[in-house]
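K.L.:
Can you keep this structure in mind? I'll have questions shortly.
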Ligand code: GRF
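Numbering (this note's numbering), first residue to last: 5 to 217.
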């Protein structure tokens, strides 16, 4: 399954996806990694010989034109799935409509709680004892699309935002490749979205223990 990954940052989810592919745990091929800014994730992809594109959005730029340029770059790679792996921009409806039900995002909270750019910080501030991560279909809202899979992460009293987010990310690194694999194998049909094989995630722990080795 041809995958285009959109990134803005460090690329730890991208690396997890690539490692799962290399390890035979994810039946996908990342054909392009595209970013909205210079990003470490782009360097990591280029270092692995993957095609990259940076379509920068600067202050004062025409957002509609930027969405169009980015969508053109993505479409040229003929993706079967577009994965937002730490992509920190909201895509315009025009972009979303070009890849209907074929864009997934990983979010560092249990949606519909704590949408937006600060999922881990907002959960910590709210005092919840369990948070987690969500992989969902991208629709025209912000973190509002149909939920595909979730995994739970406990909050420790010793957590600060960084520590909690790191623990959530370790769980994202398992959940995202597993969901991409489920799409590739047909266990998850994005057109419903419908899980055709609800056991597809059963061999992965969906709860991250507080004490991580
Ligand atoms: C992840 O925690 C993801 O949930 C959020 O952005 C972060 C990206 O991290 N959307 P990375 O770039 O994959 O390391």
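For every residue, glycine included, the Cβ atom is placed at its ideal position computed from N, Cα and C.
Just so it is clear, the structure is predicted and the values come from calculations on it, not from any experiment.
1. Beta-carbon within less than 7 Å of residue 86's beta-carbon, same chain only, minus the 5 sequence neighbours each way: which residues are those?
2. Run through the stretch 128-191 for me and flag every whole beta strand (DSSP E) of 3 or more residues, listed as ranges in chain order.
3. Can residue 142 be considered in contact with the ligand GRF, in the sense that its beta carbon sits closer than 6 Å to one or more heavy atoms?
4. Given a cut-off of 7 Å on the beta-carbon distance, is the pair residue 93 and residue 40 in contact?
5. May I ask you to check if the CB of residue 37 is nearer than 6 Å to at least one heavy atom of the ligand GRF?
6. Among the residues of its own chain, which have a CB less than 8 Å from the CB of residue 67, if the five just before and after it don't count?
7. For residue 52, which of helix, strand or coil comes out of DSSP?
8. How many whole angstroms separate the CB atoms of residue 90 and residue 15, which I take to be in contact at a CB cut-off of 8 Å?
9. Check whether the Cβ of residue 110 lies closer than 6 Å to any heavy atom of the ligand GRF, and answer yes or no.
P.N.:
In this structure, then:
1. 8, 10, 78, 103, 106 and 107
2. 134-141 and 151-158
3. no
4. yes
5. no
6. 61 and 96
7. coil
8. 7 Å
9. yes
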